[in-house]
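Below: one structure, written as structure tokens.
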Amino acid sequence: MNRFLMLLPLALLATVPHAQQSKNRVGLVNVQSVIKSMSGSKTYLDLNAKSSSDLKARQAALQTLATKAARGGAADRAALTKAQQDYAKARDSYVKQIEAAFKPLATKMNTAVAKVAKTNGYSIVMDASVAAQTSLIVHANPGVDLTQAVIKEVK
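Each residue of the sequence shown is one higher than the one before, counting from 260 in my numbering.
Set out below in structure tokens:
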């Protein structure tokens, strides 16, 4: 009995490293690269580019109107208000169109990401550009980049 009690702490200590080892693997995917490589993405990409340039032009016009309204009268302020409302409507319309165009691409891509992740033993897969922009990931081994495998899967 004493021998058993003496060996019990050793047995417990031997199991601690196994409990601390995590089997979770984190992978990264460059979502924009995957989307660009997908068939059917042209509509989404064109709409994204069109909305970006249109909204940028509208914003520049708003800046000009804001400068005029600051110096001018009621008519200039009314024109600014109308332009701001038009900008908001255009932005909302573009958001709806972009979401509709992206939805089938996202579904296909997410399915491919899940399959590649499961096949390769990854528990978590993140968008590489979002992780980089937010400084969520400071360093990643190039071996955790699943972009090419996902591109191969979606084709």
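Just so it is clear, CB atoms sit at the ideal spot from N, CA and C, and this is done for glycine as well.
| query | result |
| --- | --- |
| What is the rounded straight-line gap between the Cα of Asp305 and the Cα of Ser312? | 11 Å |
| Mind listing, in chain order, the continuous beta strand (DSSP E) runs of no fewer than 3 residues lying wholly within the stretch 317–393? | 383–386 |
| Can you have a look at Ala316 and say buried or exposed, based on whether 16 or more other CB atoms are within 10 angstroms of its CB? | exposed |
| Given a cut-off of 8 Å on the beta-carbon distance, is the pair Val288 and Val413 in contact? | no |
| Keeping to the same chain, check which residues put their C-beta closer than 6 Å to that of Met260; ignore five residues upstream and five downstream. | Reliability fails at Met260, whose pLDDT of 47 lies under 50, so the model's placement of it is uncertain and no value is given. |
| How would you call Gly286, buried or exposed, if buried means at least 16 neighbouring beta carbons within 10 angstroms? | buried |
| Looking at the structure shown, is Gly286 part of a helix, part of a strand, or coil, going by DSSP? | strand |
| Can you list, in chain order, the residues of its chain whose CB lies under 8 Å from that of Leu266, leaving out five sequence neighbours each side? | Residue placement at Leu266 cannot be trusted, given a pLDDT of 48 that sits under 50; the coordinates are not used to answer. |
| When the Cα atoms are used, what is the spatial distance from Arg318 to Gly331? | The identity of residue 318 in the sequence shown is Gln, whereas the question assumes Arg. If I take the Cα positions, the gap works out to 19 Å. |
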